[in-house]
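So the protein lines, in turn, are chains A and B. Numbering follows our numbering, in which position 134 of the first sequence is assigned residue number 745; successive positions increment by one, without gaps. Numbering follows our numbering, in which position 147 of the second sequence is assigned residue number 346; successive positions increment by one, without gaps. Note that CB positions come from ideal geometry on N, CA and C, so glycine has one too. Remarks on the structure that follows.
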Amino acid sequence: MSESRHATGDELLALRDGEGSGWARDHVAGCAACAAELQRLEQVRSQLKALPSFAPPRDVWPVVLRAARADRRRRRVSLWSGAVATAAVVALAFAVMRHAPAPEPVDVALQKAMAESAAMEQMFESLHPDRRALSGQAAGVVADLEDQLAQVDAALNDTVAWRSNPVRVAGLWKQRAGLLSALVDVHETRASVAGL
Amino acid sequence: MADTLPIAEAKSLVTRARAGDYSALEQVFRAYERPVYTLARRLSKSPDDAEDVLQETFLEVCRSLKQWRGEGSLWGWIRTIAASKALMRYRREKLRAWEPLGDDVAHRAEDVPLQMDLEAALARLPERSRAVVWLHDVEGYTHEEIAELMGMTTSFSKSQLARAHERLRRWLGAGVER
């Protein structure tokens with residue numbers, strides 16, 4: 612037996628976990644008591660892993676579902692209210708920039724694109740997308756469209772861009788309307804009401 | 200615990216859940232509610248606390264689904280959220296009610312050799328010790344990961360593990376005198 616002491620609990624646990632020192636390994640090889648303790652530690656770990664699992668006493672799924680639906684609704688509302696707020700900012704920006712009383716073509720294009728986006732958003736919401744079951748493929752398409760929509764919304768929240776490049780902003784609103792239209796198509800043609 | 204959902208199925212369910220398909224979200228919930236609750240029971244003070252952890256974990260899963268990109272196992276991701284929630288509650292409670300760290304029960308009658316079953320002995324461990332034992336020995340977390348989750352040091356995790364096993368040895372009455 613090397614060195615006149617037994618291995619400590621720390622040293623044996625490290626050995627059990629494959630990290631022990633050379634001294635501890637050599638010691639255990641020649642010390643029956645420490646070898647037995649190491650084996651006991653391994654057994655305790657196996658017994659811990661074999662303890663039965665617990666079943667939740669109540670089903671919390673209805674609570675989770677309600678919260679998930681509310682969260683999804685909040686996100687949609689905040690997208691739309693963000694768009695309204697941004698529209699107010701752009702109106703103010705144009706009022707400042709514009710010297711002539713007649714609307715510039717970019718104003719018209721912007722208003723048209725925003726109105727189109729709002730109409731598409733209403734149509735999409737009227738389909739109750741959160742109550743529809745999707746196939747895996749359709750869900751992938753929806754997730755991709757929603758990712759793109761989130762990127763467009765993030766770009767539209769950049770109020771500096773509204774002032775500096777209104778043509779691009781009008782393009783973003785058109786893109787948003789197009790993405791919502793695609794979401795409407797997917798939900799109308801590929802989803803079924805899940806009854807949730 | 201092994202992941203109950205194959206990675207391809209987990210990815211498909213998460214994609215559908217992200218798109219608003221609640222039946223897919225429920226499948227994820229059903230696959231992991233029991234392991235999450237079991238982990239929460241091991242890390243929490245009471246069954247009621249564990250139930251709260253279960254609920255908070257899945258609310259967080261719903262909010263953060265986009266963050267799971269399918270690079271690691273879904274169970275590993277959910278498990279870390281659950282452990283974090285359970286330990287957060289524990290830390291918060293510690294701010295309200297003082298509880299000594301480490302070898303805090305030395306003066307109670309707990310050093311007397313006993314003959315308990317493992318479940319009872321585990322339940323008798325101080326909460327932090329029990330959490331370290333469970334996370335390390337059962338869930339396979341490293342001491343570094345446990346330290347990060349608990350906001351403590353790696354040496355704290357190692358010493359808690361050693362002390363806990365020393366207690367278990369006495370309480371289980373199965374140790375060899377050395």
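Asked, Found
"Which class does B/Glu270 belong to by DSSP, given the choice of helix, strand or coil?", "coil"
"Which of helix, strand or coil does DSSP assign to A/Cys642?", "coil"
"In terms of residue numbering, what span does the alpha helix (DSSP H) encompassing B/Ser379 cover?", "Nothing about residue 379 of chain B can be reported from this structure: the residues present for chain B run from 200 to 377 only."
"Which of helix, strand or coil does DSSP assign to A/His739?", "coil"
"Kindly indicate which three-state DSSP category A/Arg616 falls into: helix, strand or coil?", "coil"
"What are the boundary residues of the alpha helix (DSSP H) that includes A/Ala766?", "Gly747 to Leu767"
"If you check the beta carbons only, do B/Cys261 and A/Ala666 fall under 7 angstroms apart?", "no"
"Taking Cβ-Cβ distances shorter than 8 angstroms, what residues in chain A pair up with B/Ser272?", "Per Cβ cutoff of 8 angstroms: no residues; B/Ser272 is ~17 angstroms from chain A at best."
"Quick one: what's got a C-beta closer than 8 angstroms to A/Glu727's C-beta in the same chain, skipping five residues either side?", "Trp784, Lys785 and Ala788"
"Nearest to A/Ala635 by alpha carbon, out of A/Glu622, A/Gln733 and A/Glu732?", "A/Glu622"
"For A/Val655, is the classification buried or exposed, using 16 other Cβ atoms within 10 angstroms of its Cβ as the cut-off for buried?", "buried"
"Run through chain A and tell me which residues come within less than 7 angstroms of B/Glu344, C-beta to C-beta.", "Under the 7 angstroms cutoff, chain A gives no residues; its nearest Cβ is about 13 angstroms from B/Glu344."
"Is there contact here, the segment 215-235 of chain B with the segment 626-640 of chain A, by at least three beta-carbon pairs under 8 angstroms?", "no"
"Which residues in chain A have a C-beta closer than 9 angstroms to the C-beta of B/Lys357? List them in chain order.", "Asp621, Leu624 and Ala625"
"Need the endpoints of the alpha helix (DSSP H) that B/Pro234 sits in, please.", "Tyr221 to Leu242"
"Less than 7 angstroms between CB atoms is the rule here; does B/Val337 satisfy it with respect to chain A?", "yes"
"Whole alpha helix (DSSP H) runs in the segment 312-338 of chain B with 4 or more residues, listed along the chain?", "317-323 and 326-332"
"Tell me whether A/Asp682 sits in a helix, a strand or coil according to DSSP, three-state version.", "helix"
"Quick check: A/Leu721 and A/Leu756, are their CB atoms within less than 7 angstroms of each other?", "no"
"For B/Gln254, which residues in chain A fall below 9 angstroms Cβ to Cβ?", "Val671, Val674, Val675 and Ala678"
"Going along the segment 651-666 of chain A in order, which residues come within less than 7 angstroms of chain B, judged by CB to CB distance?", "Arg651, Leu652, Val655, Arg656, Gln658, Leu659, Lys660, Leu662, Ser664, Phe665 and Ala666"
"Please report the straight-line C-alpha distance between B/Val337 and B/Tyr236, rounded to a whole angstrom.", "15 angstroms"
"Tell whether a beta-carbon distance below 7 angstroms holds between A/Val675 and B/Phe355.", "no"
"Have a look at B/Arg329, B/Leu321, B/Trp370 and B/Ser211 and flag the residue whose alpha-carbon is nearest the alpha-carbon of A/Ala754.", "B/Ser211"
"Which residues mark the beginning and the end of the alpha helix (DSSP H) in which B/Thr341 is found?", "Counting along the chain, B/Thr341 falls outside any alpha helix (DSSP H), and DSSP gives it neither H nor E."
"How about A/Val639: is its C-beta nearer than 7 angstroms to some C-beta of chain B?", "no"
"Which residues, taken in chain order from the segment 313-334 of chain B, show a beta carbon closer than 9 angstroms to some beta carbon of chain A?", "Leu317, Glu318, Leu321, Val332 and Trp333"
"How about B/Arg217: is its C-beta nearer than 7 angstroms to some C-beta of chain A?", "yes"
"Under three-state DSSP, which class holds B/Ser283?", "helix"
"Let me confirm a value: B/Arg229 is counted as buried when at least 16 other C-beta atoms fall within 10 Å, else exposed. Which label applies?", "exposed"
"On a Cα-Cα basis, can you pick out the residue from B/Ser272, B/Ala209, B/Asp247 and B/Glu225 that is closest to A/Pro668?", "B/Asp247"
"Kindly list, in the order they appear in chain A, the residues whose Cβ is closer than 7 angstroms to that of B/Ser211.", "Gly747"
"For the candidate residues B/Gln266, B/Glu259 and B/Val332, whose alpha-carbon lies nearest to that of A/Ser657?", "B/Val332"
"Quick one: grab the DSSP three-state call for A/Ser657.", "helix"
"At 8 angstroms on the CB atoms, spell out the chain B contacts of A/Glu757, in chain order.", "Arg217 and Ala218"
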